[in-house]
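One structure below.
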Amino acid sequence: MRKTKILLAASGGGHLTEGIALFGNLPMCELYILSEYGKRLSSLPYKHYGHRCAKSSCITMMYAFFQAFRLILRIRPDWVVTTGAECGTSAIIAAKMLGRKTIFVETASRYRTKTSSAKICYPLVDHFYVQWEDALPAYGKKAEYIGGIL
Numbered sequence: 270m271r272k273t274k275i276l277l278a279a280s281g282g283g284h285l286t287e288g289i290a291l292f293g294n295l296p297m298c299e300l301y302i303l304s305e306y307g308k309r310l311s312s313l314p315y316k317h318y319g320h321r322c323a324k325s326s327c328i329t330m331m332y333a334f335f336q337a338f339r340l341i342l343r344i345r346p347d348w349v350v351t352t353g354a355e356c357g358t359s360a361i362i363a364a365k366m367l368g369r370k371t372i373f374v375e376t377a378s379r380y381r382t383k384t385s386s387a388k389i390c391y392p393l394v395d396h397f398y399v400q401w402e403d404a405l406p407a408y409g410k411k412a413e414y415i416g417g418i419l
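Going by the working numbering, the sequence shown wraps up at 419, each residue one higher than the last.
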């Protein structure tokens with residue numbers, strides 16, 4: 270049986286920690302990670318790819334978009350998932366352009382207001398999850414409560 274390929278795109282801090290906690294040990298899954306270059310990324314036990322982080326969020330998103338686009342074409346993941354930030358938003362946009370299934374998991378630090386990434390990705394993703402039940406009214410019908418990851 271073929272393993273499900275997942276591309277996790279997340280910024281290198283808490284977003285990446287949450288994503289690995291959720292998708293890192295799924296049986297029958299092959300995890301690929303896209304994040305900023307750095308020591309943490311290179312120390313992970315998963316196949317990983319880095320993009321440059323610029324002083325401008327817009328430029329970082331462009332670097333991440335082109336890297337995600339190339340990776341999706343090469344890896345052909347079954348799912349592209351993110352927990353947010355520039356890298357994740359770019360990967361979701363690239364995934365939708367290439368016809369891939371997508372998941373967005375809103376960060377646990379947000380339970381009353383939406384992140385910028387969530388605002389952009391909400392209409393694009395196939396599944397949208399929140400970690401706080403109180404967050405459901407802020408998002409809409411597509412949002413589903415999955416409980417806390419960490």
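All C-beta atoms, glycine included, are put in the ideal place defined by N, C-alpha and C.
Small disclaimer: the values here were computed from a predicted structure and weren't measured.
Cβ neighbours of K370 in the same chain (closer than 7 Å, five flanking residues each side left out): D347, W348 and D395
Please give me, in chain order, every unbroken run of the alpha helix (DSSP H) with length at least 4 that falls completely inside the region 346 to 381. 354 to 366
Please state the DSSP three-state secondary structure of L298. In the sequence under discussion, the amino acid at residue 298 is Cys, which differs from the Leu named in the question. Note: C298 maps to strand in three-state DSSP.
Based on the DSSP secondary-structure assignment, which residues constitute the bridge partners of V394? BP columns for V394 are empty, so no partner.
Using only alpha-carbon positions, find the residue among I275, L285 and H284 that is nearest to L295. I275
Return the first residue and the last residue of the beta strand (DSSP E) that T273 is part of. T273 to A279
For L313, does the three-state DSSP call read helix, strand or coil? coil
Find out if the Cβ-Cβ distance for the pair T376, E287 is shorter than 8 Å. yes
Rounded to a whole number of angstroms, what is the C-alpha to C-alpha distance between H320 and E305? A direct Cα-to-Cα measurement between H320 and E305 gives close to 5 Å.
Identify whether Y332 lies in helix, strand or coil by the three-state DSSP scheme. helix
Looking only at its own chain, which residues have a Cβ that is under 6 Å from the Cβ of Q336, when we skip the five neighbours before and after it? Shown here for Q336: same chain residues with a beta carbon closer than 6 Å to its own, the five before and five after excluded, namely H320 in chain order.
Around the Cβ of Y414, are there at least 16 other Cβ atoms within 10 angstroms (buried) or fewer (exposed)? Within a 10 Å sphere around the beta-carbon of Y414 sit fewer than 16 other beta-carbons, which makes this residue exposed.
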